[in-house]
Amino acid sequence: MSEVEPPDSLPANLPIFDPTIAADYAENTRAVHSPRPDLRHVRALGLPTYRTAAFEFDRTEDYASVLGDRQPGYTYSRIDNPTADAFALGVASLEAHGLDHPVAAQPFASGMAAISTVLLALARAGAHVVAPNAVYGGTYGLLVHVLARFGVEASFVDLTDLDAARAAIRDDTAVVWAETIANPTTAVTDIGGLAAICHSAGVPLAVDSTFAPPPVCRPLRWGADLVMHSATKYLGGHSDVTGGVVVGDPALVARVRAARIDLGGSLAPDEAFLLHRGLATLPLRVARHCTTALTVAEALAEHPMVEQVHHPGLADHPQHALAGKQFESGPDGSRYGAIVTVTPRGGREAGFRLADALAVGMVATSLGGVHTVVSHVASTTHRQFDDAALRAAGIAPGAVRISIGLEDPDDLVADFTRALDGLPRPAA
Ligand SMILES: *Cc1c(COP(=O)(O)O)cnc(C)c1O
Numbered sequence: 008m009s010e011v012e013p014p015d016s017l018p019a020n021l022p023i024f025d026p027t028i029a030a031d032y033a034e035n036t037r038a039v040h041s042p043r044p045d046l047r048h049v050r051a052l053g054l055p056t057y058r059t060a061a062f063e064f065d066r067t068e069d070y071a072s073v074l075g076d077r078q079p080g081y082t083y084s085r086i087d088n089p090t091a092d093a094f095a096l097g098v099a100s101l102e103a104h105g106l107d108h109p110v111a112a113q114p115f116a117s118g119m120a121a122i123s124t125v126l127l128a129l130a131r132a133g134a135h136v137v138a139p140n141a142v143y144g145g146t147y148g149l150l151v152h153v154l155a156r157f158g159v160e161a162s163f164v165d166l167t168d169l170d171a172a173r174a175a176i177r178d179d180t181a182v183v184w185a186e187t188i189a190n191p192t193t194a195v196t197d198i199g200g201l202a203a204i205c206h207s208a209g210v211p212l213a214v215d216s217t218f219a220p221p222p223v224c225r226p227l228r229w230g231a232d233l234v235m236h237s238a239t240k241y242l243g244g245h246s247d248v249t250g251g252v253v254v255g256d257p258a259l260v261a262r263v264r265a266a267r268i269d270l271g272g273s274l275a276p277d278e279a280f281l282l283h284r285g286l287a288t289l290p291l292r293v294a295r296h297c298t299t300a301l302t303v304a305e306a307l308a309e310h311p312m313v314e315q316v317h318h319p320g321l322a323d324h325p326q327h328a329l330a331g332k333q334f335e336s337g338p339d340g341s342r343y344g345a346i347v348t349v350t351p352r353g354g355r356e357a358g359f360r361l362a363d364a365l366a367v368g369m370v371a372t373s374l375g376g377v378h379t380v381v382s383h384v385a386s387t388t389h390r391q392f393d394d395a396a397l398r399a400a401g402i403a404p405g406a407v408r409i410s411i412g413l414e415d416p417d418d419l420v421a422d423f424t425r426a427l428d429g430l431p432r433p434a435a
């Protein structure tokens, strides 16, 4: 059923329905097959949300060849959805800028859906995976608690040490998994150096770049084969949507898509709409997040109640020079990401007090959104670690991870300064 053309005497865009059309059908049939505007006249400026589970065909033959991937089109939203694809392509256009070859992209329901699908697509029983010793907790859990049961073995190594990375790769290594900036130490991986090692061993390099979204770093430019993001963080940017994305070598991404279709971690159209909207302001937001983060990191480093500040933009950061080379810059300076980890004097207790004393900064999980959020590392993201394990991982018991938001820098500096001023001075 469709609308009828209005007579000349009426406005061309008045929705008019002719009740003689489909008058033979009974009420439920007419209710189900309701009329729609003629899509030939529709060219949306904003991204349409294709909130549909299935797509219609005129001919069974077309349906079969779309389903068989012999012709473009959409059949079922777990398989592909245009709104979700628009989001993934939007990320591809940012990640692949400056490359001279095409890349493919895939949307996911969460960052972990992306990570699990990539690892399941690339590994098999008996395969080996190299991952950083400071890897994201969910990735660690997936490797140790899930993939291990299927005969996949993981080695966790310090990937900031390229010799250690080289030594960890074996004949049966299926993939090297890296993170651009580690949580919460902000250690920076030399993606170019690691990619060269991986490629001379014939192993693909996949990079979780959630902490360093464009326009901070584009791992594909440095030779990564796949880059993935938890889109829940900076890409969405407003802490109101969960999603993930993978971009990279088309042959690898085709395997990842096949695994996604079977595993089912597909991105829903409403979430895709929000994530796509987030992309429009990603470069502006991230540039601002970064300049504010550096301002706050520098102010924290000056405070007498601060023992240590981790941020790649600080000159004493172990990979400060690497970050300056590998990360991008703009009119407002170099971009070092917007995660700042601060250790106040006074141990674990001081970390709790600092977080709780903030008025602008909020105690919450997640990161990469408009709000500045803090979490006490030892009791949240790294709660499984005792003090000795924390020390081994370079994390002080009092460390507080800050995801710098989009508030005014002066308000944030004042907030942290006031909270630090209020901490009890440890006995000398
Ligand atoms: C949050 C996060 C993930 C997981 O993403 P979800 O969207 O929560 O599934 C993976 N890697 C990093 C670095 C993250 O910060």
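Taking my numbering, I'd label the letters of the sequence shown as residues 8 to 435.
Backbone N, C-alpha and C fix where the C-beta goes; we use that ideal spot for every residue, glycine too.
Please read all numbers here as calculations on a predicted model, not as lab measurements.
How would you label residue i, buried or exposed, when you count the other beta carbons within 10 angstroms and need 16 or more for buried?
i	result
Val73	buried
Thr298	buried
Tyr32	exposed
Lys240	buried
Asn190	buried
Ile23	exposed
Phe157	exposed
Glu34	exposed
Asn20	exposed
Leu436	As displayed, the chain neither begins before 8 nor continues past 435, which places residue 436 out of reach and without an answer.
Arg292	buried
Arg342	buried
Asp45	exposed
Val210	buried
Ser246	buried
Leu5	The requested residue 5 does not occur in the structure, where the chain is confined to residues 8 to 435.
Ala93	buried
Gly75	exposed
Thr146	buried
His296	buried
Arg267	buried
Asp87	buried
Gly144	exposed
Ala120	buried
Between residue i and the rest of its own chain, which residues show a CB-CB distance below 6 Å, the 5 nearest in sequence each way excluded?
i	result
Ala219	Thr187, Ile188, Gly344
Ile409	Val347, Val381
Leu101	Pro221
Val384	Pro191, Ile402, Ala406, Arg408
Leu301	Gly320
Thr350	Glu314, Gln315, Ala403, Gly405, Ala406
In angstroms, rounded to a whole number, what distance separates the CA positions of residue i and residue j?
i	j	result
Leu436	Ala132	Coverage of the chain is limited to positions 8 through 435, which leaves residue 436 absent and any answer about it impossible.
Cys224	Gly243	17 Å
Val347	His327	14 Å
Pro114	Pro311	46 Å
Leu427	Val420	10 Å
Asp417	Ala322	22 Å
Asp123	Leu149	In the sequence under discussion, the amino acid at residue 123 is Ser, which differs from the Asp named in the question. The alpha-carbon atoms of Ser123 and Leu149 are separated by roughly 7 Å.
Asp170	His318	24 Å
Val263	Arg432	53 Å
Asp69	Ala279	26 Å
Ala61	Glu305	52 Å
Arg425	Val367	11 Å
Ala175	His48	58 Å
Ser336	Leu289	15 Å
Ala434	Arg352	11 Å
Leu430	Arg360	7 Å
Ala294	Gly331	15 Å
What are the partner residues of residue i, as DSSP defines its beta bridges?
i	result
Ile122	Ile122 is not bridged to any residue.
Val313	Pro351
His48	BP columns for His48 are empty, so no partner.
Trp229	DSSP output for Trp229 lists no bridge partner at all.
Gly251	Phe115, Ser237
Ala185	Val214
Tyr83	Ala61
His135	Glu160, Thr180
Pro386	The question names Pro, yet the displayed sequence has Ser at residue 386. Beta-bridge pairing links Ser386 to no other residue.
Ser341	Ser336
Tyr195	Correcting the residue type first, residue 195 is Val in the shown sequence and not Tyr. According to DSSP, which records beta bridges pairwise, Val195 is partnered with Ile188.
Val381	Val370, Ile409
Ile346	Ser410
So, at 7 Å on beta carbons, what are the nonlocal neighbours of residue i in its own chain, with the 5 sequence-adjacent residues on each side left out?
i	result
Asp179	Gly133, Ala134, His135
Leu166	Pro139, Ala172, Ala185, Thr196, Leu201
Arg355	Ala385, Pro404, Gly405
Gly97	His283, Leu286
Phe64	Tyr70
Output needed for residue i: all residues of its chain with C-beta closer than 8 Å, excluding positions within five of it in sequence on either side, in chain order.
i	result
Ile198	Ala185, Thr187, Leu212, Val214, Cys224, Pro226, Trp229, Gly230, Ala231, Gln333
Ala400	Asn140, Ala141, Thr192, His389, Phe392
Pro79	Val73
Val248	Ala238, Thr239, Glu278, Leu281, Leu282, Gly285
Val110	Ala99, Glu102, Ala103, Leu227, Val254, Gly255, Asp256, Pro257, Val260
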